[in-house]
Amino acid sequence: MKADFKPEALQYLADKIPSGSTVILTTDDGSNKYSSIGATCELADKFQLIILNQADEHFNINVENNANYQLSMTETEKYLVSDNITIGFDHGTLTLSDKSGILDNALAVIDWRNVSPESEKDRLNEMVTLGDQIC
Numbered sequence: 001m002k003a004d005f006k007p008e009a010l011q012y013l014a015d016k017i018p019s020g021s022t023v024i025l026t027t028d029d030g031s032n033k034y035s036s037i038g039a040t041c042e043l044a045d046k047f048q049l050i051i052l053n054q055a056d057e058h059f060n061i062n063v064e065n066n067a068n069y070q071l072s073m074t075e076t077e078k079y080l081v082s083d084n085i086t087i088g089f090d091h092g093t094l095t096l097s098d099k100s101g102i103l104d105n106a107l108a109v110i111d112w113r114n115v116s117p118e119s120e121k122d123r124l125n126e127m128v129t130l131g132d133q134i135c
């Protein structure tokens with residue numbers, strides 16, 4: 001699997017994600033511990049780049065890339081994208097696309113390097129609180 005970061009995206013990310021960083025590409029739909037969205041209307045239509053201090057064993061699909069990131073995905077989300085994805089920068093936001101077209105026109109970048117993990121109960125409470133505010 002490969003990710004091509006366009007020059008504009010690399011420029012935008014230069015001061016957000018240090019070269020060599022551990023980064024995961026994941027959905028922001030409540031299906032994983034990196035998302036607090038808990039609404040079914042969001043299923044698999046929002047993505048995010050998460051910067052981590054260390055690799056997460058659940059994200060074991062390596063994504064070769066030209067940004068010098070240690071980029072990976074989880075096996076359960078791999079079906080959402082083709083083997084070649086593109087991260088661009090258009091109208092002030094990051095975009096994620098593949099051969100089918102644009103997958104997300106507002107790809108988020110979230111820094112989890114200094115985040116303390118939430119308990120399942122805390123995460124559920126936050127999802128319930130946000131759930132009726134999103135859709």
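In case it helps, the UniProt record's numbering puts the sequence shown at residues 1 to 135. Beta carbons: idealized from backbone N, C-alpha and C, even for Gly.
Sequence-distant partners of A9 (beyond 5 residues in either direction) whose C-beta falls short of 7 angstroms from its own C-beta, in its chain, are I87, G88, F89 and L94. By the Cβ criterion, the region 95-102 is in contact with the region 78-85, since at least three pairs of Cβ atoms, one from each stretch, lie closer than 8 angstroms. For V109 against L49, the beta-carbon gap comes to about 5 angstroms, under 8 angstroms, which counts as contact. Within the same chain, Cβ atoms closer than 6 angstroms to the Cβ of I85 are found at A3 and D98, the five residues on either side in sequence being excluded. Closest in C-alpha terms to D28, from the list M1, M73, Q11 and G20, comes M73.
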